[in-house]
Amino acid sequence: MSKAETPGGRFVEAGGHLLETRWIGEARAGAPVLVFLHEGLGCVDMWRDFPARVAAATGCAALVYSRQGYGRSTGGEAPRTADYLHVEALRVLPELLDALEIDAPVLVGHSDGGSIALLHAADAGRTVRGLVVMAPHEFVEEETLAGIRAARAAWATTDLRTRLGRYHADPERVFLSWNDTWLSAEFRAWNIEDCLPRIACPVLAIQGRDDEYATLRQIEVIAERVGDAALLALEDCGHSPQRDQPAAVIEAIARFVARL
Numbered sequence: 002m003s004k005a006e007t008p009g010g011r012f013v014e015a016g017g018h019l020l021e022t023r024w025i026g027e028a029r030a031g032a033p034v035l036v037f038l039h040e041g042l043g044c045v046d047m048w049r050d051f052p053a054r055v056a057a058a059t060g061c062a063a064l065v066y067s068r069q070g071y072g073r074s075t076g077g078e079a080p081r082t083a084d085y086l087h088v089e090a091l092r093v094l095p096e097l098l099d100a101l102e103i104d105a106p107v108l109v110g111h112s113d114g115g116s117i118a119l120l121h122a123a124d125a126g127r128t129v130r131g132l133v134v135m136a137p138h139e140f141v142e143e144e145t146l147a148g149i150r151a152a153r154a155a156w157a158t159t160d161l162r163t164r165l166g167r168y169h170a171d172p173e174r175v176f177l178s179w180n181d182t183w184l185s186a187e188f189r190a191w192n193i194e195d196c197l198p199r200i201a202c203p204v205l206a207i208q209g210r211d212d213e214y215a216t217l218r219q220i221e222v223i224a225e226r227v228g229d230a231a232l233l234a235l236e237d238c239g240h241s242p243q244r245d246q247p248a249a250v251i252e253a254i255a256r257f258v259a260r261l
C-alpha cells in the first residue's frame, strides 16, 4: 500500500494507481463508514458539500475518492473496455477498502457509482451493510444514449471542457473515455440485471422523474430483484438527485442508515 498526503486528503494505492481520497468525520463504534462512489464525470470535489451533509445527518464517517484518471488520481491512460464498471467494483474498490481498513461499509453511489455499488455488493464476496444508489444504471436504454449524445454536443459547443477542467487534471480524457465507451457498439449489450438477486444487503434506490439519462425502469428492476429494496422517485429532479433535491435525499439516507 502506498499513501501520500495532499492538500485535500491523501493518495492511496489501489488498482495499480494512486487514488485521491478524503475523509469526513471520524469512524465510531457501531456506525458504518459511508463510501461515496462518483458518477461518470465526477470526482472528490464534484460532490461539493453533499458527503459532509450526509455524514452530519447520519453521524457516520465518510470516505470520498476519485477513481483512476479522475480528479487528481493517477491513471486513465489505458483504453476503457466495456467491463470497466466490473473492474472498479470487483478489483479496485476491494483493494481501496482493504488499504483503508474499511469493513462492512454503506456504499453511496451516483450513476456509474451506483452501478459499481450494486456490482460490488452482488459479486465481490464482501460484507456490505447497505447500498444507497442514486440514478444507477443496470442496462442501456435509448434515453441513456440520447443523454450521452447530448453531452457530446455540449462538449463540442459549450464551455463544458473548461468547467470539467476545474476538477480534473485531464478533462478531455475523462469526458471522452466515458462518452466513447457508452456510445460504443460493444457497450450496447451491457446489462447487470442478473447480479441483482445476489445482493443480500438493504438497498435504497433514488431517481429523479426527470432524469435525462434514464427512465424509472432502472430502479424498478432493483425493487423486483433485490430482496430488501426501497425506492424513492423524486419530482422536479433530473439525473443528480443530490444536487436537485438534496434535502429530500439526505433525509431519506438518514432514515435508511438509522434503520441499519
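Under our numbering, the first residue of the sequence shown is numbered 2, with each subsequent residue one higher.
Don't be surprised by glycine CBs; every beta carbon is placed ideally from N, CA and C.
What's the C-alpha gap between residue 8 and residue 228? Mapped onto the sequence shown, residue 8 falls at position 7. Mapped onto the sequence shown, residue 228 falls at position 227. A caution first: residue 8 carries a pLDDT of 42, below 50, which makes its placement in the model too unreliable to give a value.
Since residue 239 and residue 174 are thought to touch, with beta carbons under 8 angstroms apart, how far apart are those beta carbons, to the nearest angstrom? On the sequence shown, residue 239 is found 238 positions in, with the first residue counted as 1. On the sequence shown, residue 174 is found 173 positions in, with the first residue counted as 1. No, residue 239 and residue 174 are not in contact; Cβ-Cβ is about 25 angstroms, not under 8 angstroms.
Confirm the yes/no value for this check: CB of residue 37, any heavy atom of the ligand FMN, distance under 8 angstroms. Ligands are entirely absent from the displayed structure, and the ligand FMN is therefore not among its contents.
Local conformation of residue 24 per DSSP, three classes: Here the question's residue 24 lines up with position 23 in the sequence shown. Looking at residue 24 - three-state DSSP - the assignment turns out to be strand.
Count the C-beta pairs between the segment 56 to 63 and the segment 89 to 100 that are closer than 8 angstroms, then say yes if the count reaches three, no if not. Flag = no, the segment 56 to 63 and the segment 89 to 100 do not touch.
When DSSP labels each residue in this structure, what does residue 55 get in the three-state scheme? Counting from 1 along the sequence shown, the entry for residue 55 is found at position 54. Helix, per DSSP.
Cβ-based burial, residue 126 [other Cβ within 10 Å; buried from 16]: What you label residue 126 is simply residue 125 of the sequence shown in a count that begins at 1. Result: exposed.
For the pair the segment 106 to 118 and the segment 23 to 35, tell me if three or more CB-CB distances fall below 8 angstroms. Yes: at least three Cβ pairs fall under 8 angstroms.
So the beta strand (DSSP E) residue 85 belongs to, where does it begin and stop? Stepping through the sequence shown from its first residue, residue 85 is reached at position 84. In the DSSP annotation of this structure, residue 85 is not part of any beta strand (DSSP E); the continuous alpha helix (DSSP H) holding it starts and ends at 85 to 88.
To the nearest angstrom, how far is the alpha carbon of residue 133 from that of residue 204? The sequence position of residue 133 within the sequence shown is 132, counting from 1. The sequence position of residue 204 within the sequence shown is 203, counting from 1. The alpha-carbon atoms of residue 133 and residue 204 are separated by roughly 6 angstroms.
Could you have a look at residue 121 and say whether DSSP puts it in helix, strand or coil? Taking the first residue of the sequence shown as 1, we reach residue 121 at position 120. Residue 121: helix per DSSP, three-state reduction.
Enclosing beta strand (DSSP E) for residue 148 [first to last residue]: On the sequence shown, residue 148 is found 147 positions in, with the first residue counted as 1. Looking at the DSSP string, residue 148 is not in any beta strand (DSSP E); the run it does join, the alpha helix (DSSP H), is 143 to 158.
Which residues mark the beginning and the end of the beta strand (DSSP E) in which residue 209 is found? Here residue 209 corresponds to residue number 208 of the sequence shown, with the count starting at 1. Where residue 209 is concerned, the enclosing beta strand (DSSP E) stretches over 204 to 209.
By alpha-carbon positions, which one of 77, 148, 135 and 185 ends up nearest to residue 83? Here the question's residue 83 lines up with position 82 in the sequence shown. Looking at 77, 148, 135 and 185, the one whose alpha-carbon comes closest to that of residue 83 is 185.
DSSP state of residue 77 mapped onto helix, strand, coil: Residue 77 sits at position 76 when you count from the first residue of the sequence shown. DSSP, reduced to helix, strand and coil, places residue 77 outside both helices and strands of the structure shown, so it counts as coil.
Residue 146 versus residue 242: straight-line alpha-carbon distance, rounded: Against the sequence shown, residue 146 aligns to sequence position 145. Against the sequence shown, residue 242 aligns to sequence position 241. Approximately 20 angstroms, taken between the alpha carbons.
Counting pairs of Cβ atoms below 8 angstroms between the segment 194 to 214 and the segment 157 to 168, do you hit three or more? These segments do not touch.
Take residue 130 as the anchor and find which of 120, 138, 141 and 104 has the nearest alpha-carbon. Working through the sequence shown from its first residue, we reach residue 130 at position 129. Looking at 120, 138, 141 and 104, the one whose alpha-carbon comes closest to that of residue 130 is 104.
Mind checking residue 118: buried by the 16 CB within 10 Å criterion, or exposed? In the sequence shown, counting from the first residue as 1, residue 118 sits at position 117. Buried, by the Cβ-count rule.
Under three-state DSSP, which class holds residue 100? The residue given as residue 100 occupies position 99 in the sequence shown. Correct three-state label for residue 100: helix.
Looking only at C-alpha atoms, which of 39, 66 and 28 sits nearest to residue 20? Your numbering for residue 20 matches position 19 in the sequence shown. Of 39, 66 and 28, the residue nearest in Cα terms is 66.
With DSSP collapsed to three states, give me the class of residue 215. Position 214 of the sequence shown, counted from the first residue, corresponds to residue 215. In the structure shown, residue 215 falls within a coil segment according to DSSP collapsed to helix, strand and coil.
Using beta-carbon positions only, say whether residue 193 and residue 122 come within less than 9 angstroms of one another. The count along the sequence shown starts at 1 and reaches residue 193 at position 192. The count along the sequence shown starts at 1 and reaches residue 122 at position 121. Using a Cβ distance threshold of 9 angstroms, residue 193 and residue 122 do not count as a contacting pair.
I need the straight-line Cα distance from residue 74 to residue 231, nearest angstrom please. Counting from 1 along the sequence shown, the entry for residue 74 is found at position 73. Counting from 1 along the sequence shown, the entry for residue 231 is found at position 230. CA-CA distance, residue 74 to residue 231, rounds to 33 angstroms.
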